[in-house]
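**Q** Pasting a structure here, questions to come.
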Amino acid sequence: MSMRMVMVLCALSSVAACERAPTPIEFLGDQIVLNSVINAGAAQAAVLLVRVVPDSNYRNQSVARPLPGAIVTLSDGTNSSTLPPNRTPGRCSYPLYAGQQDSALVGGCYAGSVAGGVRTGVTYSLDVQLPDGKRIHGTTTVPAPPTLRSPASGDTLQVAGPPDFNPAPVLVNWTTVVPAPLVHLVMFLPNLPCEAHMRQPQNADGNLRIDATGRDSVTFRLSALDCGDQNIERRPRFDAQLVLTVFDESYARYDKEFSRSSGVRSRYAAIGITGAVGVFGSAATVRLPVVLVRQR
Amino acid sequence: MLHWLLSLALLSEGAAIQGIVRAERSLEPIAGATVSLPELRRLVIADAKGYFVLSDVPAGRWRVQAAALGYESHTITITSDGTSAIRLDFDLVVRPIVIPGVSNQPIQQTAETTVSAPATAGPPATRIEGAALRLVPGLAESDVLRALQVLPSIHAMSDFSTALYVRGGASDQNLITLDGIQLFNPYHVGGIFSAIGASAVSTVDVWAGAQPARTPGDRLSSTVAIHTRDGGRDQVRTEGSIGLLSTTLGVDGPINGGKGGFLIAGRRTYIDAAADAARALGLISATVPYGFSDLYAKVTHGVGVLGSLSISGYLDREKFDITDEMREEFNGDVDFHWGSKMLSAALRQPLSTALLLELRAGYTDFVGNFRGYDIGGGAQGDTTTIRAHSITRDVLASADLTWYNRAHTTRFGIQLDHFRFAHAVDAGVLEDETMPNFDRADRVSTAAAYVEDQWQLADPLELRLGARMLEAGRLGHVLLPRAGVQWRANTHFTLSAGGGRYAQAMRSMRDEESVVSSIMAYDFLTVQPETAGLATGEDLVLSAEWTAPRTAIRIDAYGKRMHNLVLPAEPNDPLDAPPFINETYRVGSGKALGIELLARHHIGKNELALSYAFSRSERTADADVYVPRFERRHVLDASATRTWGGSGILSARAVLASGQPYTPVVGMTSLFEYNATNNRWEGETFGQLILGEHNAARMPGYFRLDVAARKTYRKHWFGQDGTMTPYLQILNVLNTKNALIADRQAYERHERPIMRFAPQFPLLPSFGLEWKF
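Each protein sequence line maps, in turn, to chains A and B. Offset between the first sequence (1-based) and my numbering: plus 28. Offset between the second sequence (1-based) and my numbering: plus 1368.
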């Protein structure tokens, strides 16, 4: 046997062992996903109901499709409210990235009034009857909203304009009735497509949202105002809202799982509900009007 | 203390017989040889240097018999006056054996087919003879660490890694020593080959549990002690091999008229040249600009009476040097080299017939450097884009004193280590979650002291009691009791039990749960975090061994617990998990239990070996309880060797094992994030996989059949007698598609997600030629 023949045999044999035949993954039942957070003080509640299926257009992807035809009932133990289908685009969901259709999931949106509004300290039950008769059940107890101590309503806050301008720090101070498992702070501009970047001492770049869990105060500087293509050079003042939200345990757990990069663990795939994956939680939000002044 | 011991030793110095058991002609010491006084029913076992002491010999004429595996036993009659010391060396004649190091014909006093190193009370270490290492089919050539995988105590993460996983412990819990000095990362090509040349090895002792207090270093799971030959003292001999991937050369011989010996063994790969040739022939499309070499050298010289001084060194170098074509293709350049080295100086000197002093000093390290450049980075020229380095270093000194008495062998010792660890990755703008930047440097000095007594309570009953104290600076200190007992029911059957507490001051940054651990054996050692303190563990081992002239069976059962383990931050997809555990981790615990069987049987021209291991391992961190990814619940390893003609050997090895665990996919979801400012859910309509419990599923089972053939031809060339041994070995001869990792993110136009399993070794033939003159 020649050396060349031996090497040919070696090379052939080394590539001969290809992968094992793939094995289909056996799933646990239908992939129904329910997402709902009811907000203290709100007159209405909404539920987003979708079915997740493999995407036939893309490899390695699944896609969410709206799930119409369900009967959704929210109850506080005394009164029950049926949340009817709501086809208003953007009522329940909004795409994170441009290019996706706002209306893609409207068929899975159920929203309507809650008798007596969503009340703090009350435990609400969610009951969903799917078109095939299966049921989803969930409960949540609505947390009390925090009390903002500073800044004061209508305060003027500085936003960085020129790159070398260092705006005055903003101290946000609040109290909660009981320690909240998740606290978010956002600077919201209701009438403009703008995002305010809040830079904390430990973060050089700034965030659109501050996770203030476990704290009762936050200090930040408004490091940038990003309004995309909109020209704001001539605009000196902006009406904004400082939004502080506390969440219940269910959404706090969901948020933690959401931030993982490597898949959802089954034990945390259904939080606050049974019969589907997703979350049924509650929140309490306090909004403080402020004015942002851009340094020029 | 030493003065007290010397006084005590002199007082106890009655008639003692001391000496060395060596191989005839080469005069190399025979480790583990037995020396006995049949009329007095006394038997001692020579240490790794062939040294023995028979204490308290009464006046009279006595036969002294030395025996060892593979050698003719030899008896000398001596006359003792009951007071004087007698020097007695044995030079045993090598007996032609059918299968070197594994079996031969019955002799007196020792069972001929053994599976253990009979040197301690309690569950003994498993010993593999250097010659036997060559009979285990390896990847292209003999491989010391890969050959150890035939033992039931030792598992491998994959075909690609020679890292050892012992009884549910991770690879960083093993101490691998060469001449008593720890080796860091003794692997080539990331772990595919071990970097220790088999030709220099005399024996390998594997302590998989119930480690005595005297075992050097402190690790939770095992000690793998590789002993090297001293080199012949009669004439210069050479040996070597030419294989598909590398060539080896070894020379040993006498120095100073036979008062000492030297040994040099080296290896150099030609993977790069072979790949270039294959590419020139059109067999492969790309070259492999990689090379490695290793060199071991040792000088031993007699000192005083029965003393010796040994100085040895080991050097392993690897380099990846990309070609001009690659530079052009990737528009970049790479400077990547790594390797380890070791230097050891050891002095052995009997201070009297009752006292043996051993001093050792050593240096050992592993250093790797990586630089990746973008070529043509503007006016500044080449720009470094990725830097990484890894340094693991230990400077150590130790002293051991052994006191031989009638029924007691008592050992005292101290070892001082100074470790330095520095590891960094700076990927610049290329940093991501999988490879975050880090830069850390740690040092720790440890001091360990031990005392241990081996007490022959009665003829068949032997007891070992000891304690080790480890002091590790800011990590604290811990007392580590060790014990063992052995009862020889008769000449064939032995029962033993042992256990102890262990501690470890270092941990590897490599995440065993990451897919990288399936293909890379290197440990990046660093100091245990102060918040965790010393990692500790306890084990209990029960062992039964039955030996007969043609059969040996050993059964071990063990239980083991480990504490303060640094585990990855959270269960993650192995494909996404960062390869390193740096500052984000969980401190957890582990436990393991199992039963192991190791049996050998000799029938005519055939030697059969069977090993089976059942093991259950577990890690616990917070509420997460999981099976580590390296675990195989059942492993059956059967091998057979058959003589072929007068000088050939055919061998085959089959391994059948359970699949390793992985985290299954149990569903799909779409993740939306709640925006409290507008009470809407934001997100993507495409989905995320829902993962089941951590490592709750198993990959398909594992099966591999390896075969090998070798035949030795005697030659008389250049006035010298020698041998030529061509060999052929084929790994995975059935080309079984064993699963390496589970990739669960592939749909690939199927109706539902599918699971893909990346393959392990395909069929891999290799051949070569060994020679010895």
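Using N, Cα and C, we set each Cβ at its ideal position, and we do this for glycine too.
1) When DSSP labels each residue in this structure, what does B/K2083 get in the three-state scheme?
2) For the beta strand (DSSP E) that contains B/G1958, what are its first and last residues?
3) So for B/K1709, helix, strand or coil by DSSP?
4) Specify, as a first and last residue, the run of the alpha helix (DSSP H) that B/L1501 falls within.
5) Just checking: is the beta-carbon of B/L2073 within a distance shorter than 8 Å of some beta-carbon in chain A?
6) Buried or exposed: which applies to B/L1649, given that a residue is buried once 16 or more other Cβ atoms fall within 10 Å of its Cβ?
7) Assuming B/A1873 and B/L1843 form a contact by the criterion Cβ under 8 Å, report the distance between their Cβ atoms to the nearest whole angstrom.
8) Measure the beta-carbon distance from A/V205 to A/A172 and round it to whole angstroms, keeping in mind my assumption that it falls under 8 Å.
9) Let me make sure I understand the geometry here. Which of B/T2031, B/F1552, B/D1807 and B/Y1682 has the alpha-carbon closest to that of B/D1944?
10) What does A/F216 touch in chain B if you count any residue whose Cβ is under 7 Å from its own?
11) Going along the chain, which residues of its own chain have a beta-carbon closer than 6 Å to the beta-carbon of B/S1363, five neighbours each way excluded?
12) According to DSSP, what are the bridge partners of A/A326?
13) Runs of 4 residues minimum, wholly inside the region 1506-1532 of chain B: which ones carry the alpha helix (DSSP H) assignment?
14) Compute the Euclidean distance between the alpha carbons of A/V307 and A/A92, then round it to the nearest angstrom.
15) Going along chain A in order, which residues have a C-beta closer than 8 Å to the C-beta of B/Y1638?
16) Tell me the DSSP bridge mates of B/T1637?
17) State buried or exposed for B/S1562, treating a residue as buried only when at least 16 other CB atoms are found within 10 Å of its CB.
18) Considering only the beta carbon of each residue, do B/T1904 and B/Y1870 sit closer than 8 Å?
19) Between which two residues does the alpha helix (DSSP H) harbouring B/M1694 extend?
20) In chain B, which residues lie less than 8 Å from A/L76 when you measure between Cβ atoms?
21) So is A/P159 buried or exposed if we call it buried at 16+ other beta carbons inside 10 Å?
22) Based on DSSP bridge pairs, tell me the residues matched to B/S1562.
23) Could I get the ranges of all uninterrupted beta strand (DSSP E) runs contained in the region 1834-1886 of chain B, with 3 residues as the minimum, in chain order?
24) Would you say A/Y279 lies against chain B (beta-carbon separation less than 8 Å)?
25) Give the interface partners of B/Q2056 over in chain C, defined as CB-CB distance under 7 Å, in chain order.
26) Using 8 Å for Cβ pairs, my map puts B/G1450 next to B/V1909. What's the rounded Cβ distance?
27) Whole-angstrom Cβ separation of A/A155 and A/R163, contact assumed at under 8 Å?
28) What beta strand (DSSP E) runs, 3 residues minimum, are completely inside the region 97-126 of chain A?
29) Mind checking the region 258-277 of chain A against chain B and listing, in chain order, the residues whose C-beta falls within less than 7 Å of any C-beta there?
30) Output yes if chain A places a C-beta closer than 8 Å to the C-beta of B/L2137; else output no.
31) Take A/A143 and list the residues in its own chain whose beta-carbon comes closer than 8 Å to its own, dropping the five residues that flank it on each side.
32) How would you list, in chain order, the residues of chain B whose beta-carbon sits under 8 Å from the beta-carbon of A/Y122?
33) Using 8 Å as the limit for Cβ to Cβ distance, is A/N67 near chain B?
34) Can you find a CB in chain A that lies within less than 8 Å of the CB of B/L2059?
35) Let's test the definition: count the other Cβ atoms within 10 Å of the Cβ of B/G1740 and tell me whether it reaches 16, buried, or not, exposed.
36) So which residues of chain B does A/Q228 contact, with C-beta pairs closer than 8 Å?
**A** Once the coordinates are examined:
1) The residue you call residue 2083 of chain B lines up with position 715 of the second sequence. The answer is strand: DSSP assigns B/K2083 an E or B state.
2) As a first step, residue 1958 of chain B is located in the second sequence; it is residue number 590 there, counting from the start. Y1953 to I1971 is the span of the beta strand (DSSP E), which, as asked, contains B/G1958.
3) Against the second sequence, residue 1709 of chain B aligns to sequence position 341. Correct three-state label for B/K1709: strand.
4) Along the second sequence, read from residue 1 onward, the residue named residue 1501 of chain B stands at position 133. That run of the alpha helix (DSSP H) goes G1498 to L1501.
5) For the purposes of this step, residue 2073 of chain B is taken as the residue at position 705 of the second sequence. B/L2073 does not count as touching chain A.
6) In the second sequence, the residue the question calls residue 1649 of chain B occupies position 281. Under this definition B/L1649 is an exposed residue.
7) Stepping through the second sequence from its first residue, residue 1873 of chain B is reached at position 505. Stepping through the second sequence from its first residue, residue 1843 of chain B is reached at position 475. Contact holds; Cβ gap of about 6 Å.
8) Position 177 of the first sequence, counted from the first residue, corresponds to residue 205 of chain A. Position 144 of the first sequence, counted from the first residue, corresponds to residue 172 of chain A. Right, their Cβ atoms sit about 4 Å apart.
9) Counting from 1 along the second sequence, the entry for residue 1944 of chain B is found at position 576. Checked all of B/T2031, B/F1552, B/D1807 and B/Y1682; the closest Cα to B/D1944 is B/T2031.
10) For this step, residue 216 of chain A is matched to residue 188 along the first sequence. By Cβ distance, chain B contributes T2045.
11) This structure leaves residue 1363 of chain B out entirely; chain B is present only between 1369 and 2141.
12) Nothing can be reported for residue 326 of chain A: it is not among the residues displayed for chain A, which extend from 29 to 324.
13) 1512-1516
14) Within the first sequence, numbered from 1, the residue matching residue 307 of chain A stands at position 279. Within the first sequence, numbered from 1, the residue matching residue 92 of chain A stands at position 64. Their Cα atoms are separated by approximately 16 Å.
15) Position 270 of the second sequence, counting from 1, holds the residue named residue 1638 of chain B. Here the premise fails: no neighbours, minimum Cβ distance about 14 Å.
16) Within the second sequence, the letter at position 269 stands for residue 1637 of chain B. Per DSSP, B/S1614.
17) Taking the first residue of the second sequence as position 1, residue 1562 of chain B is located at position 194. By the 10 Å Cβ count, B/S1562 comes out buried.
18) Within the second sequence, numbered from 1, the residue matching residue 1904 of chain B stands at position 536. Within the second sequence, numbered from 1, the residue matching residue 1870 of chain B stands at position 502. In this structure, B/Y1870 lies closer than 8 Å to B/T1904 by Cβ.
19) As a working note, residue 1694 of chain B is residue 326 in the second sequence. Unbroken alpha helix (DSSP H) run through B/M1694: D1692 to F1698.
20) Taking the first residue of the first sequence as 1, we reach residue 76 of chain A at position 48. Result: F2040 and W2049.
21) Sequence index remark: in the first sequence, residue 159 of chain A carries index 131 (1-based). Looking at its Cβ environment, which holds fewer than 16 other Cβ atoms inside 10 Å, A/P159 is exposed.
22) In the second sequence, residue 1562 of chain B corresponds to position 194, counting from 1. In DSSP, B/S1562 forms a bridge with B/Y1555.
23) 1845-1856, 1861-1872 and 1874-1876
24) Taking the first sequence and counting its residues from 1, the one referred to as residue 279 of chain A is at position 251. Yes, contact with chain B.
25) This model lacks chain C altogether, as its protein chains are A and B.
26) As a position in the second sequence, residue 1450 of chain B is number 82, starting the count at 1. As a position in the second sequence, residue 1909 of chain B is number 541, starting the count at 1. Rounded, the Cβ-Cβ distance is 40 Å, inconsistent with contact.
27) Within the first sequence, the letter at position 127 stands for residue 155 of chain A. Within the first sequence, the letter at position 135 stands for residue 163 of chain A. A quick correction: the sequence has Asp, not Ala, at residue 155 of chain A. About 7 Å; that satisfies the 8 Å criterion.
28) 99-103, 108-111 and 121-123
29) V271 and T273
30) Working through the second sequence from its first residue, we reach residue 2137 of chain B at position 769. Not an interface residue.
31) Along the first sequence, read from residue 1 onward, the residue named residue 143 of chain A stands at position 115. Excluding residues within five positions, the ones whose Cβ falls inside 8 Å are D104, N107, S108 and S109.
32) On the first sequence, residue 122 of chain A is found 94 positions in, with the first residue counted as 1. Going along chain B in sequence order, the residues near A/Y122 (Cβ under 8 Å) are N2043, N2046, R2048, W2049 and E2050.
33) Within the first sequence, residue 67 of chain A is the residue found at index 39, counting from 1. By this cut-off, A/N67 is an interface position.
34) Within the second sequence, numbered from 1, the residue matching residue 2059 of chain B stands at position 691. Closer than 8 Å: yes.
35) Position 372 of the second sequence, counting from 1, holds the residue named residue 1740 of chain B. The residue in question, B/G1740, is buried, as its Cβ has 16 or more Cβ neighbours within 10 Å.
36) Taking the first sequence and counting its residues from 1, the one referred to as residue 228 of chain A is at position 200. Result: empty, since nearest Cβ-Cβ is about 20 Å, beyond 8 Å.
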